[in-house]
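Peer 1: Below are the structure tokens for one structure; questions will follow.
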Amino acid sequence: MRPKLVLLDRDGVLNEDRDDFIKNPGELIMLPDSAAAVGKLTAAGIKTAIVTNQSGIGRGLFDEAMLTRIHEQLRNETARFGGHYDAIFFCPDPPWAAGPNRKPEPGMLRQAMSRFRATPGECVLIGDSLRDLQAAQKAGCRRILVRTGNGAKTQAQGLPPEVLPVSVYNDLGAAVDTLLGE
Numbered sequence: 000m001r002p003k004l005v006l007l008d009r010d011g012v013l014n015e016d017r018d019d020f021i022k023n024p025g026e027l028i029m030l031p032d033s034a035a036a037v038g039k040l041t042a043a044g045i046k047t048a049i050v051t052n053q054s055g056i057g058r059g060l061f062d063e064a065m066l067t068r069i070h071e072q073l074r075n076e077t078a079r080f081g082g083h084y085d086a087i088f089f090c091p092d093p094p095w096a097a098g099p100n101r102k103p104e105p106g107m108l109r110q111a112m113s114r115f116r117a118t119p120g121e122c123v124l125i126g127d128s129l130r131d132l133q134a135a136q137k138a139g140c141r142r143i144l145v146r147t148g149n150g151a152k153t154q155a156q157g158l159p160p161e162v163l164p165v166s167v168y169n170d171l172g173a174a175v176d177t178l179l180g181e
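With numbering that gives the first Met the number 0 applied, the sequence shown corresponds to residues 0 to 181, in that order.
Listed below in structure tokens is the structure:
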């Protein structure tokens with residue numbers, strides 16, 4: 000069944016993840032085929048929302064204005080392939096002061112479902128980390144792990160029973176092709 004809403008983690012799914020955080024638009028490097036995959040979702044009429052922990056804000060590494068510029072770059076890169084994001088949800092909390100929106104908590108996912116009037120059964124989350132899968136499980140969404148970013152390491156460490164079932168794909172393009180039945 001095609002989802003009504005695809006929730007996307009950002010770092011490691013759409014763009015390269017960095018241990019030192021993406022602090023400006025020049026550090027944003029799209030993963031191969033990720034923008035094209037979002038373009039396919041857009042063409043299919045499926046809503047897409049990014050749900051991303053951005054603790055660099057809470058750590059004082061950059062501010063919300065810079066995050067907006069980074070997301071403008073992400074939107075521009077994606078638009079080149081006919082794709083767009085219907086919403087971007089982010090949580091600025093650092094790990095030591097995590098609130099209900101910081102994954103693995105499901106707050107951002109629930110906000111997205113509410114905004115797009117989507118039930119958990121109409122949503123799928125695509126992520127590269129255990130905390131993405133845990134947030135999706137808590138929100139009741141289907142779960143996809145991609146092997147990009149931290150995904151291969153997450154898979155190799157073994158997925159706990161509470162997050163199963165999880166579909167696993169090499170990258171966002173392969174996951175989207177399967178969702179769209181291609």
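Think of the CB as a built atom: it goes at the ideal place given N, C-alpha and C, for glycine as much as any other residue.
All values reported here derive from a predicted model rather than from experimental measurement.
What is the DSSP secondary structure of V198, counted as helix, strand or coil?
Peer 2: Only positions 0 to 181 of the chain appear in this structure, which leaves residue 198 out of reach.
Peer 1: From G172 to A35, what distance separates their C-alpha atoms?
Peer 2: If I take the Cα positions, the gap works out to 7 Å.
Peer 1: Taking three-plus beta-carbon pairs below 8 Å as touching, is the segment 1-20 in contact with the segment 40-52?
Peer 2: yes
Peer 1: Quick check: the segment 63-80 against the segment 100-115, are there 3 or more CB pairs under 8 Å?
Peer 2: no
Peer 1: Could you tell me which residues DSSP puts in a beta bridge with G126?
Peer 2: L144
Peer 1: Going by Cα to Cα distance, which pick from G11, R17, L40, I28 is closest to V123?
Peer 2: If we check each option's Cα against that of V123, L40 comes out closest.
Peer 1: So T47 is in the beta strand (DSSP E); what residue range does that whole segment cover?
Peer 2: 46-52
Peer 1: Can you tell me whether R109 is buried or exposed, with buried defined as 16 or more other CB within 10 angstroms of its CB?
Peer 2: Around the beta carbon of R109, a 10 Å sphere encloses 16 or more other beta carbons of the protein chains shown; the residue is thus reported as buried.
Peer 1: Counting Cβ pairs, one atom from each stretch, are 3 or more of them under 8 Å apart for the segment 118-132 and the segment 92-100?
Peer 2: Counting Cβ pairs under 8 Å, fewer than three are found: no touch.
Peer 1: Does the segment 10-17 come close enough to the segment 148-161 that 3 or more CB-CB pairs lie under 8 Å?
Peer 2: yes
Peer 1: Considering only the beta carbon of each residue, do T67 and D10 sit closer than 8 Å?
Peer 2: no
Peer 1: Rounding to the nearest angstrom, what Cα-Cα distance links L30 and V12 in this structure?
Peer 2: 7 Å
Peer 1: Would you kindly report the start and end of the unbroken beta strand (DSSP E) that includes A86?
Peer 2: Judged by DSSP secondary structure, A86 falls within the beta strand (DSSP E) whose first and last residues are 86-90.
Peer 1: Between which two residues does the alpha helix (DSSP H) containing V37 stretch?
Peer 2: 33-42
Peer 1: Just how far apart, CA to CA, sit K194 and P24?
Peer 2: Residue 194 is absent from the structure shown; the chain starts at 0 and stops at 181.
Peer 1: For T153, is the classification buried or exposed, using 16 other Cβ atoms within 10 angstroms of its Cβ as the cut-off for buried?
Peer 2: buried
Peer 1: Buried or exposed for M112, please, with buried defined as at least 16 other CB atoms from any protein chain shown within 10 angstroms of its CB.
Peer 2: Burial call: buried.
Peer 1: Between I56 and P91, is the Cβ-Cβ spacing less than 8 Å?
Peer 2: yes
Peer 1: Can you tell me the Cα-Cα spacing of P119 and V145, whole angstroms?
Peer 2: 20 Å
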